[in-house]
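Visitor: Counting in our numbering, the sequence shown runs from 435 upward without gaps.
Please see the structure below; I have some questions.
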Amino acid sequence: MKILNKLYALIMCVGIAMAGYFGYEWWQGTQGVEEVSAEETKKWGSEKASEVTPEESVKIQEVLMSDQIKQFDVGQEIGRLVIPTIEKGFTTYWGTDDDTLSQGVGMYVSQFTTTPDQKRHTVLSGHRDTVFTGLQDVKKGDAVFFEYEGKRYEYAVVSMKVVDADDRTVIVDKKEATLTLTTCYPFDFIGSAPERYVIQSEFVHVSDM
């Protein structure tokens, strides 16, 4: 009987330790999220319309283009993603390894993907149960902003789809400036989710912050 009681106590201690560990991991992941009011983001749209002509916008885009992609240390903070629809801002880091994604949203780094100033394909990923909760509420036509190196890049959502967890067809080079957001799916799944939720947006405008 004493052995059984010790076994129960051991199991309980292990359970408490695991709950504490995963609870800390969840808390740490949510620290990269902030509330962003709809009023604040509305001003960004009016700035675009009133301060920058189409000709000036083209010139800005040409200046921002460069031959080399700037490199950062893995896990280094590089920018902020803002999604007005869900009134949230997400601190964004370089890389998508486990440690980086435990901090918040990560930028996928590869030969096919780039930083936004390259005007090609930028891919951002985040966990569905920490930073990207609510991502399912984003709809076609919604605005998405990414702040990087003193510039604010605006995109418009063009599609949402679900793909297999092993599907890499979304991680491809693109000739047009595109922002892709990815997270695990289903959103209410417990454990390692079998699919990925993918939101693709096309470039609209860039302005100084």
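Ideal Cβ placement from N, Cα and C applies to all residues, glycine included.
Can you give, in chain order, each stretch of the alpha helix (DSSP H) that sits fully within the segment 502-534 and has at least 4 residues?
Guide: The segment 502-534 contains no whole alpha helix (DSSP H) run of 4 or more residues.
Visitor: Please state if the CB of Ser-635 and the CB of Tyr-589 are separated by a distance shorter than 8 Å.
Guide: As a position in the sequence shown, residue 589 is number 155, starting the count at 1. As a position in the sequence shown, residue 635 is number 201, starting the count at 1. Yes.
Visitor: Pull up the DSSP beta-bridge partners for Gly-557, would you.
Guide: On the sequence shown, residue 557 is found 123 positions in, with the first residue counted as 1. At residue 557 the sequence reads Val, which differs from the Gly that was named. Answer by DSSP bridge pairing, in chain order: Thr-614.
Visitor: From Gln-545 to Val-606, what distance separates their C-alpha atoms?
Guide: In the sequence shown, residue 545 corresponds to position 111, counting from 1. In the sequence shown, residue 606 corresponds to position 172, counting from 1. Distance between the alpha carbons of Gln-545 and Val-606 is about 9 Å.
Visitor: Near Arg-586, which residues of its chain fall below 8 Å by C-beta distance, leaving aside the five closest residues on each side in sequence?
Guide: In the sequence shown, the residue the question calls residue 586 occupies position 152. Within the same chain, Arg-586 has close Cβ partners Trp-478, Phe-579, Phe-580, Val-640, Ser-641, Asp-642, Met-643.
Visitor: If I'm right that Glu-521 touches Val-470 with Cβ under 8 Å, what's the distance once you round it to whole angstroms?
Guide: Counted from its first residue, the sequence shown places residue 521 at position 87. Counted from its first residue, the sequence shown places residue 470 at position 36. Confirmed, about 6 Å.
Visitor: With DSSP collapsed to three states, give me the class of Asp-571.
Guide: Here residue 571 is taken as the residue at index 137 of the sequence shown, counted from 1. DSSP places Asp-571 in helix when its eight states are reduced to three.
Visitor: Please decide whether Ile-605 counts as near chain C, where near means a Cβ-Cβ distance under 8 Å.
Guide: The question asks about chain C, but that chain is absent: this structure has only one protein chain.
Visitor: Could you pull out every residue in the same chain whose Cβ sits closer than 6 Å to the Cβ of Arg-562, ignoring the five residues on either side in sequence?
Guide: Numbered from 1 along the sequence shown, position 128 holds the residue referred to as residue 562. Hits under 6 Å: Thr-617, Cys-618, Phe-621.
Visitor: Give me the Cα-Cα distance between Arg-602 and Lys-573, rounded to the nearest whole angstrom.
Guide: As a working note, residue 602 is residue 168 in the sequence shown. As a working note, residue 573 is residue 139 in the sequence shown. If you take the alpha carbons of Arg-602 and Lys-573, they lie about 23 Å apart.
Visitor: Helix, strand or coil: which one does DSSP assign to Glu-473?
Guide: Within the sequence shown, numbered from 1, the residue matching residue 473 stands at position 39. Looking at Glu-473 - three-state DSSP - the assignment turns out to be helix.
Visitor: Just list the residues that DSSP pairs Phe-580 with in beta bridges.
Guide: The residue given as residue 580 occupies position 146 in the sequence shown. For Phe-580, which the question treats as bridged, DSSP gives the partners Leu-515, Tyr-587.
Visitor: Who pairs with Phe-546 in a beta bridge, going by DSSP?
Guide: The residue you call residue 546 lines up with position 112 of the sequence shown. The partner list for Phe-546 (beta bridge, DSSP) is empty, contrary to what the question assumes.
Visitor: From Tyr-542 to Gly-560, what distance separates their C-alpha atoms?
Guide: The sequence position of residue 542 within the sequence shown is 108, counting from 1. The sequence position of residue 560 within the sequence shown is 126, counting from 1. Tyr-542 and Gly-560: Cα-Cα distance of roughly 10 Å.
Visitor: Rounded to whole angstroms, what's the CA-CA distance from Gly-625 to Ala-577? Just pull it up for me.
Guide: Taking the first residue of the sequence shown as 1, we reach residue 625 at position 191. Taking the first residue of the sequence shown as 1, we reach residue 577 at position 143. Roughly 31 Å separates the two Cα atoms.
Visitor: Hey, Tyr-527 and Thr-534 are a contact pair by Cβ (cut 8 Å); roughly how many whole angstroms apart?
Guide: Sequence index remark: in the sequence shown, residue 527 carries index 93 (1-based). Sequence index remark: in the sequence shown, residue 534 carries index 100 (1-based). Contact flag correct, Cβ pair sits at about 5 Å.
Visitor: Roughly how many angstroms separate the alpha carbons of Val-557 and Ala-611, rounded to a whole number?
Guide: Here residue 557 is taken as the residue at index 123 of the sequence shown, counted from 1. Here residue 611 is taken as the residue at index 177 of the sequence shown, counted from 1. Spanning the two alpha carbons is a distance of roughly 11 Å.
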